[in-house]
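In the numbering used here, the protein residues as written are 13 to 97.
Right, here's the structure in full:
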């Protein structure tokens, strides 16, 4: 599965269930991946923690993509645990 553009006027899409498995830093793939932010809620805001990230931010997930990661950055792509649906 790779990240793809949505159909026109579709702003929220379901994402398949993912399995998180810890790996060493050397095993992390970066080529052909988009470092997608994962947030708790759709507000994408919260108080800044000591790490400099919002308290709403959970982590980055490496999502396979066939286009440059900047393509998804310009579109503001993010994963949400609780979307406003």
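All C-beta atoms in this analysis are idealised placements derived from N, C-alpha and C, irrespective of residue type, glycine included.
DSSP three-state assignment for residue i, whether helix, strand or coil
i, result
"residue 47", "strand"
"residue 73", "strand"
"residue 85", "helix"
Beta-carbon gap between residue i and residue j smaller than 7 Å
i, j, result
"residue 25", "residue 77", "no"
"residue 49", "residue 72", "yes"
"residue 54", "residue 92", "yes"
Same chain only: Cβ atoms within 8 Å of residue i, ignoring 5 sequence neighbours per side
i, result
"residue 44", "76, 77 and 78"
"residue 30", "73"
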